[in-house]
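Colleague:
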Amino acid sequence: MQDLLKKLEAINYRFIEVGTLIVDPDIISDMDRYVKLSKEYRDLEEIVGVYKEYKNIYDNLNSAREMLDGEKDPEMREMAKMEIDELEQKKPEVEEKIKYLLIPKDPEDDKNAIMELRAGTGGDEACIFVEDCFRMYTMFFKEMGWKYEIINSSEGSTKGYKEISMNIEGLGLYGMLKFESGVHRVQRVPETESQGRVHTSAITVAVLPEAEEVDFELDMNDVRKDTFRASGAGGQHINKTESAIRLTHIPTGLVVECQDGRSQHKNLAQAISVMRSRLYQQELDRLHEERAAHRKTLVSTGDRSAKIRTYNYPQGRITDHRIGKTIYNLNAFMNGDIQEMIDSLKMAENAEKMKGEEV
């Protein structure tokens, strides 16, 4: 208990220090530093509140024990015993809350994100499922109050999309969506199937934290830019102007295309943002692999080509294979009701982190 209090006292001291800094005129005039300190203040605020609750329990326990040791009156001794029992029951619950709050936060969790959905095995049916998942996610974004913008899309031969990419903005966004990266498998009777047989198709979802220039410096000397005419729906300008952009990162061979914006300037800005984020993600993956050598992480890292979830339409269920969780409410899930699954994945990740801290 003493060790935990010392750690919390240091956090409380930093909280007071940051609170003083964010009202300093010199700090306020330095916007980058002010934003970082304001975020740190908000992050520390919750744990400082729990620290005060824990300190109160600690102080009251000491007072009650002193009373029990020095008091002769049976009635007063009984009151002291009752208070000790009550506080001892409350203490583990607060300690668990503190352990949870002390789990190191992923610095990427508060970032905006880029989400890319691509059809995999299954031909036309996979393209249709890309569209279904795109709808599912955008309905969830609306529920969360997040904004999204399509930055690139390629339609399927009959219906749906071969691929679709979007930029998403919102509070605590990447920390919630990062669990969606991987292969999503669907089992259902396709619209084109006359025999009523269940087919299995798959799509891949990639969620990248949006990288700012301060996160990853992209040297434009390493990038080749090509322009071309956009294809698909989008108005008369589509076939008349070379507004679409293709960027190639020469050192890695990474290619990014953006064609959904109505101007070459906007498509170029979007393409640079996507390229920076993809290269940043590659660097993050390398760091995650290094960490995985010390601690196996089940949920948010690992092989992005791994099958993470199955959507079984005949049985009306969704199963996440990483945590073995099944939800029997497929219709609501495909209408954007995915919060329960995300919460379960976050809990699993935090439980793993807590084990890692104990080790």
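No gaps in the numbering here: position 27 of the sequence shown is 881 in the working numbering, and each next residue is one more.
All C-beta atoms, glycine included, are put in the ideal place defined by N, C-alpha and C.
Quick caveat: nothing in here was measured; it's all calculated off a predicted structure.
What residues in its chain sit with their C-beta under 8 Å from that of Asn1204, if we drop five residues either side in the sequence?
Modeller: Taken in chain order, the residues that qualify are Tyr954 and Ile957.
Colleague: Is Ala1160 buried or exposed, if buried means 16 or more other CB atoms sit within 10 Å of its CB?
Modeller: Classification of Ala1160: exposed, given that the 10 Å Cβ count is below 16.
Colleague: Taking Leu1025 as the reference, give the member of Ala934, Pro928, Asn966 and Asn914 with the closest Cα.
Modeller: With distances taken between Cα atoms, Leu1025 lies closest to Asn966.
Colleague: Just confirm the distance between the C-beta atoms of Ile1177 and Ala1202, as a whole number of angstroms; I'd bet it's less than 8 Å.
Modeller: Going by Cβ atoms, the distance from Ile1177 to Ala1202 rounds to 5 Å, so yes, they are a contact pair.
Colleague: Mark Lys1032 as exposed unless 16 or more other C-beta atoms lie within 10 angstroms of its C-beta, in which case mark it buried.
Modeller: Buried.
Colleague: Skipping 5 residues on each side, what residues in its chain have a beta carbon closer than 6 Å to that of Tyr1167?
Modeller: Arg1042.
Colleague: Pull up the DSSP beta-bridge partners for Thr1173, would you.
Modeller: In DSSP, Thr1173 forms a bridge with Thr1164 and Thr1180.
Colleague: Where does Ile957 sit, in a helix, a strand or coil, going by DSSP?
Modeller: Ile957: coil per DSSP, three-state reduction.
Colleague: Where does His1119 land, buried or exposed, given buried means 16+ other C-beta within 10 angstroms?
Modeller: His1119 is exposed by the Cβ-count criterion.
Colleague: Quick check: the segment 1010-1025 against the segment 966-975, are at least 3 beta-carbon pairs closer than 8 Å?
Modeller: Touching, yes.
Colleague: If you draw a straight line from the alpha carbon of Arg896 to that of Thr992, how long is it in whole angstroms?
Modeller: In a straight line, the C-alpha of Arg896 is about 28 Å away from that of Thr992.
Colleague: According to DSSP, is Val1110 part of a helix, a strand, or is it coil?
Modeller: DSSP places Val1110 in strand when its eight states are reduced to three.
Colleague: Please confirm if the segment 999-1008 is in contact with the segment 941-953, defined as three or more CB-CB distances below 8 Å between the two stretches.
Modeller: Contact fails: fewer than three Cβ-Cβ distances are below 8 Å.
Colleague: For Asn914, report the span of its alpha helix (DSSP H) as first-last.
Modeller: Segment Met885 to Gly924, the alpha helix (DSSP H) holding Asn914.
Colleague: Output yes or no for whether 8 Å exceeds the beta carbon distance between Lys1013 and Asp978.
Modeller: In this structure, Asp978 lies closer than 8 Å to Lys1013 by Cβ.
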